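Asks: Every letter in the sequence shown is one number past the one before it in full-length UniProt numbering, and letter 184, counting from 1, is 184.
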Amino acid sequence: MSQPPRFSGSRRGQLPTPPSPYVVIKTLKQPGDGDGGACNAGIFLVRTIRHGKLRVEKRVTRQDMETRHMEREMKALKQLRGHFNICHIFGYLPRQRHPALYLEFYDLGALDTLIARYWRRSETLPHGFVGHTLLELSKALCFCVHGYVFGSGGMVPENWNAIIHRDIKPGNVFLASPSDPRALYPRIVLGDFGCSVSDIDIVNGTASALTSRQAPEFSPPEAPAYSRRSDVFQLGLTIHCMIQNLDVPDHDSISRTWEMGNPYSDPLDGILLQMLLPDPSSRPSTLHLPGIVDQHFQAFCARNAPRPLKSWAFRE
Ligand SMILES: Nc1ncnc2c1ncn2[C@@H]1O[C@H](COP(=O)(O)OP(=O)(O)OP(=O)(O)O)[C@@H](O)[C@H]1O
Ligand SMILES: [Mg+2]
Numbered sequence: 001m002s003q004p005p006r007f008s009g010s011r012r013g014q015l016p017t018p019p020s021p022y023v024v025i026k027t028l029k030q031p032g033d034g035d036g037g038a039c040n041a042g043i044f045l046v047r048t049i050r051h052g053k054l055r056v057e058k059r060v061t062r063q064d065m066e067t068r069h070m071e072r073e074m075k076a077l078k079q080l081r082g083h084f085n086i087c088h089i090f091g092y093l094p095r096q097r098h099p100a101l102y103l104e105f106y107d108l109g110a111l112d113t114l115i116a117r118y119w120r121r122s123e124t125l126p127h128g129f130v131g132h133t134l135l136e137l138s139k140a141l142c143f144c145v146h147g148y149v150f151g152s153g154g155m156v157p158e159n160w161n162a163i164i165h166r167d168i169k170p171g172n173v174f175l176a177s178p179s180d181p182r183a184l185y186p187r188i189v190l191g192d193f194g195c196s197v198s199d200i201d202i203v204n205g206t207a208s209a210l211t212s213r214q215a216p217e218f219s220p221p222e223a224p225a226y227s228r229r230s231d232v233f234q235l236g237l238t239i240h241c242m243i244q245n246l247d248v249p250d251h252d253s254i255s256r257t258w259e260m261g262n263p264y265s266d267p268l269d270g271i272l273l274q275m276l277l278p279d280p281s282s283r284p285s286t287l288h289l290p291g292i293v294d295q296h297f298q299a300f301c302a303r304n305a306p307r308p309l310k311s312w313a314f315r316e
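1. Measure the C-alpha to C-alpha separation of M155 and L137 and round it to an integer number of angstroms.
2. If distances are taken between C-alpha atoms only, which option among A76, D64, A313, P99 comes closest to F44?
3. In three-state DSSP terms, what is G205?
4. Three or more beta-carbon pairs under 8 Å between the segment 73–93 and the segment 184–196, yes or no?
5. What number of angstroms, rounded off, separates the C-alpha of I89 from the C-alpha of S281?
6. Can you check which of these residues, T133, N161, D64, is closest to C144 by C-alpha distance?
7. Which one or two residues does DSSP pair with K58 in a beta bridge?
8. Could you pull the DSSP bridge partners for A110 from this structure?
9. Between T113 and V173, what straight-line distance do the alpha-carbon atoms span, to the nearest angstrom?
10. Should P278 go down as buried or exposed, given a rule of 16 or more other Cβ atoms within 10 Å for buried?
11. Please report how far the alpha carbon of Y185 lies from the alpha carbon of N304, in whole angstroms.
12. Is L210 buried or exposed, if buried means 16 or more other CB atoms sit within 10 Å of its CB?
13. Are there any heavy atoms of ligand 1 lying less than 7 Å away from the beta-carbon of K29, as far as the coordinates show?
14. Short of 7 Å in beta carbon distance, which residues of its chain neighbour P290, apart from the five on each side in sequence? Order them along the chain.
15. If you follow the alpha helix (DSSP H) that K26 is in, where does it begin and where does it stop?
16. Please look up how many angstroms separate the CB atoms of R72 and A207, rounded, as I've assumed it's under 8 Å.
17. If you follow the beta strand (DSSP E) that I188 is in, where does it begin and where does it stop?
18. Any idea if E158 is buried or exposed, counting beta-carbon neighbours within 10 angstroms, 16 or more meaning buried?
19. Would you identify the three-state DSSP class for F300, choosing helix, strand or coil?
20. Identify every residue that forms a DSSP beta bridge with S198.
21. So, is P249 buried or exposed, given that buried needs 16 or more other C-beta atoms within 10 angstroms?
22. With distances taken between CB atoms, is the gap from D107 to I164 smaller than 8 Å?
23. Which one of T124, L28, T27, T48 has the shortest CA to CA distance from P21?
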């Protein structure tokens, strides 16, 4: 008769810990190394033992298991699986020694690192790349809230469980090498759904209707309350940081801009001001945002050839 497998770390009275099907290759973030939230117990680049595929292992803190933040992140990512601009989840292993989410690896890192590199060299990000990022993240938001894939020609689904991210900031936007070699800019991916909430979470009582831990510098004026257009405001702040080379938004400069009226001639900047309106109902809706941005971005590209990123953009 075959023996049951002997898992390491098993003790009498406890469930045995299955061995990990992954080997760690590199530490991406130490535990507690976060850019504000530190909502993980370490983030690692790993390889599957079986097929040698690269993955990201996002380890879960005991607190995140208890407060069910990690469960919400896992459920949100599973529901959103397959969208080009949303972090892809491969799996969730809650019972191993380090409970973790397994994610696709985005090889060009996070947007905050890119902004910091441009800042260090006193350079500004090309306007074309800013427009590209705004468009791609608008598509992600449209899918999160409405389940609608912009440009697919399909219908807006009924009975979609709307997901609000609530923590959009440059550190939660990941970049990847494009699979099409002709593409000028990286693929843009929205990640870190640890603060997200869905309609079902509220109905089931698994989440509070108040936001508890988003990065405070990126909070919308309605926080800790939120609406379906709160993510539009946070996306506006992220784009503002890209344009002004900032790690956190300059809220005074945004207020001054408001006092002056719209000083920008570029329509993309006009959209940005709409997104940053204090009253959520005056902001563009997530359903219409990709269409509005796309129209203006195409007009921009017709007038100005978009510039590529610098050769050093992704080097240490
Ligand atoms: N799938 C991924 N591919 C590449 N890098 C990643 C990936 N997931 C996470 N990272 C890196 O780890 C950082 C933190 O990840 P994430 O935002 O998901 O965790 P967190 O718990 O919210 O941490 P923080 O407190 O820093 O926000 C990211 O900014 C990015 O640099
Ligand atoms: Mg994060």
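Even glycine gets a Cβ: it sits at the ideal position worked out from N, Cα and C.
Because the structure is a prediction, the values reported are computed rather than measured.
Replies: In terms of the structure at hand:
1. Counting from one through the sequence shown, the residue named residue 155 turns up at place 155. Counting from one through the sequence shown, the residue named residue 137 turns up at place 137. Taking the straight line from one Cα to the other gives about 20 Å.
2. Your numbering for residue 44 matches position 44 in the sequence shown. The shortest Cα separation from F44 among A76, D64, A313, P99 belongs to P99.
3. Translated into the one-based positions of the sequence shown, residue 205 becomes position 205. In the structure shown, G205 sits in coil (DSSP, three-state: anything other than H, G, I, E or B).
4. yes
5. Your numbering for residue 89 matches position 89 in the sequence shown. Your numbering for residue 281 matches position 281 in the sequence shown. If you draw a straight line from the Cα of I89 to the Cα of S281, it is about 32 Å long.
6. Counted from its first residue, the sequence shown places residue 144 at position 144. Comparing Cα positions, the closest option is N161.
7. Along the sequence shown, one-based indexing puts residue 58 at 58. K58 is bridged to I43, L101.
8. Sequence index remark: in the sequence shown, residue 110 carries index 110 (1-based). DSSP, once it has assigned bridges, lists F174 as partnering A110.
9. Position 113 of the sequence shown holds residue 113. Position 173 of the sequence shown holds residue 173. Answer to the nearest angstrom: the Cα atoms are 10 Å apart.
10. Sequence index remark: in the sequence shown, residue 278 carries index 278 (1-based). The residue is exposed, with fewer than 16 neighbouring Cβ atoms inside 10 Å.
11. To locate residue 185, count along the sequence shown from 1; it is residue 185. To locate residue 304, count along the sequence shown from 1; it is residue 304. In a straight line, the C-alpha of Y185 is about 15 Å away from that of N304.
12. On the sequence shown, residue 210 is found 210 positions in, with the first residue counted as 1. Exposed: under 16 other Cβ atoms inside 10 Å.
13. As a working mapping, residue 29 is identified with position 29 in the sequence shown. Correct: K29 has its Cβ closer than 7 Å to ligand 1.
14. What you label residue 290 is simply residue 290 of the sequence shown in a count that begins at 1. Within the same chain, P290 has close Cβ partners L135, S138, K139, C142, F150.
15. Along the sequence shown, read from residue 1 onward, the residue named residue 26 stands at position 26. Note, K26: premise wrong, no alpha helix (DSSP H); beta strand (DSSP E) at 22–29.
16. For the purposes of this step, residue 72 is taken as the residue at position 72 of the sequence shown. For the purposes of this step, residue 207 is taken as the residue at position 207 of the sequence shown. Rounded, the Cβ-Cβ distance is 6 Å, consistent with contact.
17. Locating residue 188 in the sequence shown gives position 188, counting from the first residue. Looking at the DSSP string, the run of the beta strand (DSSP E) that includes I188 is 187–190.
18. Position 158 of the sequence shown, counting from 1, holds the residue named residue 158. Flag for E158 reads exposed.
19. Residue mapping note: residue 300 aligns to position 300 of the sequence shown, counting from 1. The answer is helix: DSSP assigns F300 an H, G or I state.
20. Against the sequence shown, residue 198 aligns to sequence position 198. BP columns for S198 point to I163.
21. Position 249 of the sequence shown, counted from the start, is the residue given in the question as residue 249. Classification of P249: buried, given that the 10 Å Cβ count is 16 or more.
22. For this step, residue 107 is matched to residue 107 along the sequence shown. For this step, residue 164 is matched to residue 164 along the sequence shown. Cβ distance not < 8 Å, so D107 and I164 don't count as in contact.
23. Here residue 21 refers to the residue found at position 21 of the sequence shown. It is T48.
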